[in-house]
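The listed protein sequences derive, respectively, from chains E and X. In short: position in the first sequence from 1, add 13, done, that's our numbering. In short: position in the second sequence from 1, add 13, done, that's our numbering. Working notes, beginning with the structure itself.
Number of protein chains: 2
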Amino acid sequence: MRLVIADCTVDYTGRLSAHLPRATRLLMLKGDGSVLVHADSGSYKPLNWMNPPCTLTVEPATGGALEAGAVELWKVAQAKTDDQLLITIYSVVADVSHDLGVDPGLIKDGVEAHLQELLADQVHRVHPAATLVRREYFTAIGPVDLLLVHPDGGHIAVELKRRGDIDGVEQLTRYLELLNRDTVLAPVRGVFAAQEIKPQARTLAEDRGIECLVLDYDDMRGIDPINPQLF
Amino acid sequence: MRLVIADCTVDYTGRLSAHLPRATRLLMLKGDGSVLVHADSGSYKPLNWMNPPCTLTVEPATGGALEAGAVELWKVAQAKTDDQLLITIYSVVADVSHDLGVDPGLIKDGVEAHLQELLADQVHRVHPAATLVRREYFTAIGPVDLLLVHPDGGHIAVELKRRGDIDGVEQLTRYLELLNRDTVLAPVRGVFAAQEIKPQARTLAEDRGIECLVLDYDDMRGIDPINPQLF
DNA sequence: CATTGCATGTCGTCG
DNA sequence: CGACGACGTGCAATG
Chain E
14 MRLVIADCTV DYTGRLSAHL PRATRLLMLK GDGSVLVHAD SGSYKPLNWM NPPCTLTVEP
74 ATGGALEAGA VELWKVAQAK TDDQLLITIY SVVADVSHDL GVDPGLIKDG VEAHLQELLA
134 DQVHRVHPAA TLVRREYFTA IGPVDLLLVH PDGGHIAVEL KRRGDIDGVE QLTRYLELLN
194 RDTVLAPVRG VFAAQEIKPQ ARTLAEDRGI ECLVLDYDDM RGIDPINPQL F
Chain X
14 MRLVIADCTV DYTGRLSAHL PRATRLLMLK GDGSVLVHAD SGSYKPLNWM NPPCTLTVEP
74 ATGGALEAGA VELWKVAQAK TDDQLLITIY SVVADVSHDL GVDPGLIKDG VEAHLQELLA
134 DQVHRVHPAA TLVRREYFTA IGPVDLLLVH PDGGHIAVEL KRRGDIDGVE QLTRYLELLN
194 RDTVLAPVRG VFAAQEIKPQ ARTLAEDRGI ECLVLDYDDM RGIDPINPQL F
């Protein structure tokens with residue numbers, strides 16, 4: 014990895030056009046060819062960047078840039094698209110390289126998958142007498158998070174979100190439309206379950222006869238998933 | 014901005030739990046307190062990070078980490094939430110600081126806003142004899158990108174996207190449902206316009222009687238928006 | 001301050 | 001390789 018602190022301007026052309034006026038910034042050049050332009054504030058997204066695969070070529074400054082005091086022009090070109098990043102270097106404050114080796118990678122734990130796992134073990138939260146058919150019940154238009162048998166006949170399709178937004182309701186609606194054409198499964202009721210359900214999403218869901226279920230993550234973790242009947 | 018290259022492990026707890034095994038990485042500490050952990054590959058997203066506002070406290074290593082050779086423990090805590098980033102430092106390869114000053118900021122050009130502007134000047138692409146009512150026509154559930162008068166009576170609602178996805182069709186469908194309840198506007202036809210329309214989105218749109226319109230950005234820029242009739 | 005919709009979204013997964 | 005859904009989504013505009 015090469016880290017360059019330089020006084021520069023940056024121009025991106027590709028899916029949009031963007032320009033960065035002259036200022037001192039960090040240019041991060043990764044081993045896979047990608048380039049990141051970072052300022053001293055803002056969150057993890059760089060001001061400008063180029064994703065791999067891409068190639069960097071360095072040329073001496075010419076024309077107006079040269080007259081304005083530029084020394085080099087860095088061209089970063091995307092290998093697949095015609096996206097381009099042009100970095101005009103006026104002065105280099107620092108330029109260091111380090112060999113970092115290959116990163117062993119990130120280990121993640123406990124997102125929607127965990128919530129789904131918990132709810133699959135606690136389907137009584139959806140309906141006291143419901144039973145699980147399976148998680149990730151696959152349909153032609155995507156997997157339904159949970160499919161349950163309704164004690165009164167038919168089934169229940171559960172769409173699970175961390176944040177219950179309007180998009181999730183649309184998604185569940187499409188699933189229900191499809192599932193209800195299946196005479197073996199029909200009638201299929203919908204349950205929209207999330208840690209938090211936005212008012213607009215709730216309104217839309219209830220308007221379509223979809224039940225909303227707010228889940229308390231801490232509460233769900235607290236209950237013994239092996240012996241829920243003890244509580 | 015402070016740049017540290019260090020042999021370290023990283024643990025994040027917050028909306029999820031994540032762990033990075035021991036390896037050499039770049040730790041970027043920005044002036045606003047945010048911290049980014051980067052490897053030598055992957056795109057602009059760091060392996061781990063903490064958004065501002067947050068605070069960094071440094072402690073000497075203790076316990077098992079100390080026995081394993083660690084020297085310092087960096088605690089990065091979010092000011093608002095209880096998200097936390099723990100960085101265990103085993104050895105520091107490099108540690109440099111630079112004053113970058115405040116960045117003048119990014120100038121963007123040519124996103125959906127520009128496309129909307131162009132199409133507003135070239136409504137004949139939607140229908141040869143349509144006329145513009147207004148851009149960003151506001152409704153109770155959000156703004157319609159373009160509202161046009163249809164020469165045969167009624168109106169046309171245009172939903173504009175760079176990439177035409179299924180979500181955009183759902184959005185337009187909701188608008189149409191609402192607009193068609195307005196007797197002054199009805200009947201309101203829908204046009205789904207994008208630089209690229211995904212097959213599934215096209216199928217769904219046409220199934221609902223919504224016309225699809227693929228836009229050529231270069232072509233639209235090429236036409237003189239003041240005198241379109243000359244071409 | 002909450003909500004909404006865009007993003008050069010990025011990233012995984014599965015067909 | 002394309003399509004689709006999740007993301008510690010982030011982020012700005014807006015009521």
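Even glycine gets a Cβ: it sits at the ideal position worked out from N, Cα and C. Note that the coordinates shown come from a computational prediction; the quantities given were computed from them, not determined experimentally.
I need the boundaries of the beta strand (DSSP E) containing G203 (chain E), first residue and last residue.
V201 to I210
Taking the alpha-carbon of T101 (chain X) as reference, which of X:W62, X:K88 and X:E224 has the nearest alpha-carbon?
X:K88
As assigned by DSSP and simplified to three states, the class of G222 (chain E):
coil
For F244 (chain X), does the count of other Cβ atoms within 10 angstroms reach 16, so buried, or fall short, so exposed?
Unreliable positioning characterises F244 (chain X) in this predicted model, as indicated by a pLDDT of 38, which lies under 50. A coordinate reading is not provided.
Can you tell which of X:L159, X:H51 and X:R175 has its C-alpha closest to the C-alpha of D45 (chain E)?
X:H51
Proximity below 8 Å, CB of R234 (chain X) to CB of L131 (chain X)
With respect to the 8 Å criterion, R234 (chain X) and L131 (chain X) are classified as neighbours on the basis of their beta carbons.
Name the DSSP bridge partner or partners of P156 (chain X)?
P156 (chain X) is bridged by DSSP to X:F151.
Would the C-beta of S30 (chain X) count as close to the ligand PLP, meaning under 7 Å from any of its heavy atoms?
Annotation note on the ligand PLP: not contained in the displayed structure, which lists no ligands.
Thinking C-alpha only, which one of E:V201, E:A74, E:A218 and E:I169 is nearest D178 (chain E)?
E:A218
Could you tell me whether any Cβ in chain X is nearer than 8 Å to the Cβ of W62 (chain E)?
yes
For A170 (chain E), write down the residues that DSSP places opposite it in a beta bridge.
E:L160 and E:G203
Can you tell me whether S47 (chain X) is buried or exposed? The criterion is at least 16 other CB atoms within 10 Å of its CB, across all chains shown.
buried
Three-state secondary structure (DSSP) of R176 (chain X)
strand
Going by the CB atoms, is the gap between L145 (chain X) and L228 (chain X) shorter than 8 Å?
no
Host beta strand (DSSP E) of Y57 (chain E) (start-end)
No beta strand (DSSP E) contains Y57 (chain E), which DSSP labels as neither H nor E.
Start-to-end residues for the beta strand (DSSP E) that takes in H32 (chain E)
S30 to L42
When you compare the CB of I18 (chain X) with every CB in chain E, is at least one pair closer than 8 Å?
yes
Any idea if F205 (chain E) is buried or exposed, counting beta-carbon neighbours within 10 angstroms, 16 or more meaning buried?
buried
Along the segment 41–57 of chain E, where does the CB come closer than 8 Å to a CB of chain X? Name the residues.
The residues in question are M41, K43, G44, D45, S47, L49, H51, A52, D53, S54, G55, S56 and Y57.
Candidates X:E190, X:R175 and X:R28: which alpha carbon is nearest L98 (chain X)'s?
X:R28
Which residues, in order along the segment 177–192 of chain X, keep a beta-carbon less than 8 Å from a beta-carbon of chain E?
If the cut-off is 8 Å between Cβ atoms, the segment 177–192 of chain X has D180 and E183 near chain E.
Check the Cβ of P34 (chain X) against every Cβ in chain E and list those closer than 7 Å, keeping chain order.
Using a Cβ-Cβ cut-off of 7 Å, P34 (chain X) is close to P117 of chain E, given in chain order.
Need the endpoints of the beta strand (DSSP E) that L113 (chain X) sits in, please.
That residue, L113 (chain X), is in no beta strand (DSSP E); it is neither H nor E in DSSP.
Beta-carbon of P59 (chain X) versus every beta-carbon of chain E: anything under 8 Å?
yes
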